[in-house]
Each structure stands twice: as structure tokens, then as C-alpha cells.
Amino acid sequence: MTLRAYGSLFGVRYGDGPLQVLALHGWGRTRADFDGLLPGYEAVALDLPGFGASPAPQQPVGAAGYARLIEDVLGEFDAPPVVVGHSFGGRVAVALAAARPDSVSGLVLVGVPLVRRERPATGIPWRYRLIRGAAKAGLVSDERLERARRRFGSADYRAATGVMRDVLVKVVNESYESELARLVCPVRLVWGENDAAVPLAVARGAVDVLADVTLDVVAGAGHDVHLSHPDRMKAAIDGLLK
Numbered sequence: 066m067t068l069r070a071y072g073s074l075f076g077v078r079y080g081d082g083p084l085q086v087l088a089l090h091g092w093g094r095t096r097a098d099f100d101g102l103l104p105g106y107e108a109v110a111l112d113l114p115g116f117g118a119s120p121a122p123q124q125p126v127g128a129a130g131y132a133r134l135i136e137d138v139l140g141e142f143d144a145p146p147v148v149v150g151h152s153f154g155g156r157v158a159v160a161l162a163a164a165r166p167d168s169v170s171g172l173v174l175v176g177v178p179l180v181r182r183e184r185p186a187t188g189i190p191w192r193y194r195l196i197r198g199a200a201k202a203g204l205v206s207d208e209r210l211e212r213a214r215r216r217f218g219s220a221d222y223r224a225a226t227g228v229m230r231d232v233l234v235k236v237v238n239e240s241y242e243s244e245l246a247r248l249v250c251p252v253r254l255v256w257g258e259n260d261a262a263v264p265l266a267v268a269r270g271a272v273d274v275l276a277d278v279t280l281d282v283v284a285g286a287g288h289d290v291h292l293s294h295p296d297r298m299k300a301a302i303d304g305l306l307k
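FYI, in our numbering the residues of the sequence shown are 66 to 307.
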């Protein structure tokens with residue numbers, strides 16, 4: 066495998082024949098996530114903008130914006146690729162396939178927040194709910210609200226800075242039912258039975274929207290099936306490459 070530049074993006078190239086697979090990693094991860102999965106394929110694993118060696122976007126964008134930022138990489142493929150997406154990368158993969166239906170031959174998605182699940186108010190710390198409500202009423206400053214976000218926000222939120230924090234806020238509030246309904250390519254969902262980050266119910270909700278879909282539930286697995294069970298991912302990829 067070889068690290069290469071694709072315009073302003075960087076990625077690893079596996080193999081030296083005509084490319085067939087494009088892989089997109091999750092939030093806070095890099096192309097290295099696919100080092101145990103993609104050898105043996107003709108593939109590219111990108112560092113998405115803001116991660117690894119690829120520079121952050123200039124403006125905060127959601128999944129559709131990320132799809133536009135990476136779509137030039139499709140020019141490296143002689144034929145539409147199978148796109149593999151984990152978590153955040155799967156959001157981008159769905160947006161890409163919905164916007165460029167003739168440019169993607171299939172999707173393999175793992176642990177992707179495809180449909181929104183309402184977070185119960187009881188799951189949000191009451192102190193943060195109080196401060197957030199006060200901020201909406203103009204009773205506390207933006208600085209006080211930001212301190213509360215840092216204290217009570219997710220690990221991803223606390224780790225993100227600058228434009229990437231704004232990107233995170235944008236994407237976590239997105240849902241992709243309309244994009245899923247527009248997909249014309251086959252979709253293979255590979256999901257951990259015990260995925261705590263994106264529960265199995267999300268995958269089952271996506272199945273209800275998609276036309277050509279299978280769901281492979283990996284017993285005992287969590288959010289990172291591409292790392293823990295690459296054989297299941299390979300089976301899904303191979304099925305789409307035939």
C-alpha cells in the first residue's frame with residue numbers, strides 16, 4: 066500500500082490494478098482503520114477532510130458537503146466503485162451515492178447513524194438542559210454555554226476544535242431517510258449486535274427505507290465490526306464485486 070495525494074486529500078492505495086473499492090473511515094479515525102481489511106483489493110482508503118493528513122474543510126459542512134469535497138476521487142476509478150463506510154464515513158458514503166447514483170455501484174455500511182433516534186430528555190444532564198434553556202432565553206452568555214458544552218458534551222465534541230467542532234454539531238443533527246430512499250445501488254449493512262454507539266435498531270430502521278438491502282448482524286460485536294470481524298466485511302464487499 067502507498068500513501069498518495071488525491072487533490073487536497075490523502076489516502077492509501079492498495080494494489081496496482083483498476084480500482085474497485087473506496088473506503089471512508091469514522092469520526093476521529095483515519096485511513097489506517099482499513100489496513101486489516103483492504104489488502105488484496107484494488108482500493109483507496111481516504112483520510113477524510115480534517116482527519117489524518119487531509120486538511121479540514123474551510124467551512125462547516127454536513128455529509129452532503131463532505132461528499133462534494135471527495136467526489137473528485139471518483140475520477141480515479143474506471144468503473145463505479147463499491148464504497149465502504151464506517152460510522153461518519155458511512156454518512157458521507159450515503160450522501161455521495163444519493164448525489165451521484167451513476168458513480169457508485171454499491172455500499173457496505175457499518176455502524177452508520179442513518180436514521181435519527183430521538184434522545185430522551187432524561188439522557189441529557191439536567192444541569193446542561195438548564196443552562197441551554199437559559200441561553201435560549203438570553204439569560205446566560207455564549208461563553209457560559211460553551212463551558213457547559215465542554216463539560217457535558219460527548220468525547221468527540223470535547224476533542225474537536227474550530228471548524229471541525231461545527232462540522233460535528235452539523236452532522237449529528239442530520240438524518241438520511243430521504244437520501245436512503247433515493248439510492249439505486251445495492252446496500253449491505255454489517256452491524257454489531259452490541260453496537261452501543263449506533264444500535265441495531267438504527268440498521269433495522271434503514272432496512273425499512275431501502276429497496277435493495279441485506280443486514281448481516283455480527284453476534285457479540287460492537288461498533289467497529291470492520292476491525293473486529295473483517296471477514297464479514299469482506300464477504301459483503303465480495304458479494305457486490307461479483
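The beta-carbon is built from N, C-alpha and C at its ideal position, and this holds for glycine as well.
Neighbour-count burial assignment, residue i, 16 or more Cβ in a 10 Å radius
| i | result |
| --- | --- |
| A186 | In this prediction, A186 scores a pLDDT of 45, lower than 50, which makes its location untrustworthy; no coordinate-derived value is stated. |
| L68 | exposed |
| A284 | exposed |
| T279 | exposed |
| P146 | buried |
| S73 | exposed |
| D178 | Strictly speaking, residue 178 in this sequence is Pro, with Asp absent from that position. The residue is buried, with at least 16 neighbouring Cβ atoms inside 10 Å. |
| L204 | exposed |
| R309 | What the structure shows of the chain is the stretch from 66 to 307, and residue 309 is not part of that stretch, so it cannot be assessed. |
| G154 | buried |
| G101 | exposed |
| A202 | exposed |
6 Å CB neighbourhood of residue i in its chain, flanking five on each side removed
| i | result |
| --- | --- |
| V54 | Because the chain spans 66 through 307 in this model, residue 54 falls outside it and cannot be assessed. |
| V161 | Val is not the amino acid found at residue 161; the sequence shown has Leu there. Taken in chain order, the residues that qualify are A132. |
| F99 | A88, A110 |
| G287 | G257, N259, D260 |
| D143 | P83 |
| V149 | A88, V173 |
| L292 | none |
| V175 | H151, V255, V290, H291 |
| P166 | V249 |
| G171 | V147, C250, P251, L305 |
| Y241 | V159, L179 |
| F116 | T95 |
Proximal residues to residue i (C-beta, below 7 Å), its chain only, five neighbours per side dropped
| i | result |
| --- | --- |
| G76 | R69, R96, V109, A110, L111, D112 |
| G127 | K235, V236, E239 |
| K307 | none |
| A199 | V205 |
| A118 | F75, D112 |
| H294 | V283, A286 |
| V267 | P178, L179, V180, R182 |
Per DSSP, cross-strand counterpart(s) of residue i
| i | result |
| --- | --- |
| Y71 | L74 |
| R253 | V173, T279 |
| Y79 | A108 |
| A88 | A110, V149 |
Within-8 Å CB hit, residue i to chain B
| i | result |
| --- | --- |
| L265 | Although the question refers to chain B, the structure presented lacks it and comprises just one protein chain. |
Rounded Cβ spacing between residue i and residue j (contact assumed at less than 8 Å)
| i | j | result |
| --- | --- | --- |
| V86 | Y106 | 5 Å |
| A271 | L245 | 6 Å |
Chain-order list of residues whose beta-carbon lies under 8 Å from that of residue i (same chain, five-residue window excluded)
| i | result |
| --- | --- |
| V157 | L89, L113, A128, Y131, A132, I135, G150 |
- Message: Ignoring anything shorter than 4 residues, give me the alpha helix (DSSP H) runs that lie fully in the region 114 to 150, in order along the chain.
- Response: You should have 128 to 135.
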